[in-house]
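Remarks on the structure that follows.
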Amino acid sequence: MVELTDLEKRLVDLLSEGLPLTERPYLALAERLGISEEEVLSAIKRLLEKKVIRRVAALIRHNLSGYAGNVMVAWRVPEERVEKVGRALAAHPAVTHCYLRRTAPDWPYNLYTMVHAASEEECRRLVAEISQELALPDYEMLFTEKEIIRRTRKYFSASP
1325 MVELTDLEKR
1335 LVDLLSEGLP
1345 LTERPYLALA
1355 ERLGISEEEV
1365 LSAIKRLLEK
1375 KVIRRVAALI
1385 RHNLSGYAGN
1395 VMVAWRVPEE
1405 RVEKVGRALA
1415 AHPAVTHCYL
1425 RRTAPDWPYN
1435 LYTMVHAASE
1445 EECRRLVAEI
1455 SQELALPDYE
1465 MLFTEKEIIR
1475 RTRKYFSASP
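In terms of my numbering, the sequence shown has 1463 at position 139, counting the first letter as 1, and numbering is strictly consecutive.
Put into structure tokens, the structure is as follows:
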């Protein structure tokens, strides 16, 4: 487990809310934290070095940006192929998430991906292509029926 300072914890929570839409977003964060802009940038650099954060990036609401199709694909991948297949899936441009999980007695799928495309039909086509390319015939496609909640996670503050 990585040790974080109180400042780093407060900064992680602020970053999880998203950057302020201003000309100098790091200055705005600094003002909220009561420190200098340089201190914010140094703290972000430390968080990157500690691998607590991977990057600072914009999140795209795919459903509002022309990507109406999204599907979680549960793949059944032989254990000896998991690493190679996982890397190949993670590198595919249509895949945004790739996770390895335990199987269950009545659910043999161990590798999960999220695929986004302009439509459900396009998702189906992409998944079929991936299946063919990687010789993965055993999979289940779980399309989103309804988004119930989407929110950022506060990791260190007491408020939910």
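Where is the CB? At the ideal position from N, CA and C, for every residue including glycine.
Source: prediction; values computed, not measured.
Taking the C-alpha atoms as reference points, what is the distance between Leu1343 and Asp1430?
43 Å
Is the beta carbon of Ala1398 closer than 9 Å to that of Tyr1433?
yes
To the nearest angstrom, report how far apart Glu1404 and Gly1410 are at their CA atoms.
Straight-line Cα distance between these residues: approximately 11 Å.
Three or more C-beta pairs under 8 Å: does that hold for the region 1367 to 1377 against the region 1408 to 1422?
no
Would you report the Cα separation of Tyr1436 and Phe1480, rounded to the nearest angstrom?
Rounded to the nearest whole angstrom, the C-alpha separation of Tyr1436 and Phe1480 is 28 Å.
Exposure label - Arg1334; buried when at least 16 CB within 10 Å
buried
Applying the 10 Å Cβ sphere with the 16-neighbour rule, what's the burial state of Ala1485?
The question about residue 1485 has no answer, for the chain in this structure spans 1325 to 1484.
Answer with buried or exposed for Gly1488, where buried requires no fewer than 16 other C-beta atoms within 10 angstroms of its C-beta.
Past the edges of the chain, shown from 1325 to 1484, lies residue 1488, and the structure says nothing about it.
Alpha-carbon to alpha-carbon, Leu1328 and Val1336:
Rounded to the nearest angstrom, the two C-alpha atoms are 10 Å apart.
By DSSP, does Pro1344 sit in helix, in strand, or in coil?
In the structure shown, Pro1344 sits in coil (DSSP, three-state: anything other than H, G, I, E or B).
Residue span of the beta strand (DSSP E) that contains Gly1410, given as start and end:
Secondary structure note for Gly1410: it is in no beta strand (DSSP E), and the uninterrupted alpha helix (DSSP H) holding it is 1406 to 1415.
Rounding to the nearest angstrom, what Cα-Cα distance links Leu1413 and Ile1454 in this structure?
Inter-residue distance for Leu1413 and Ile1454 is about 8 Å (C-alpha atoms, whole angstroms).
What did DSSP end up calling Ala1441 once you bin it into helix, strand or coil?
DSSP places Ala1441 in strand when its eight states are reduced to three.
Inter-residue CB distance, Val1439 and Asn1394 (contact presumed, cutoff 8 Å):
7 Å
Alpha helix (DSSP H) segment containing Leu1365, residue limits
1361 to 1373
Looking only at its own chain, which residues have a Cβ that is under 7 Å from the Cβ of Leu1444, when we skip the five neighbours before and after it?
Note that residue 1444 corresponds to Glu in the displayed sequence, not to Leu. Gly1393, Phe1467, listed in sequence order.
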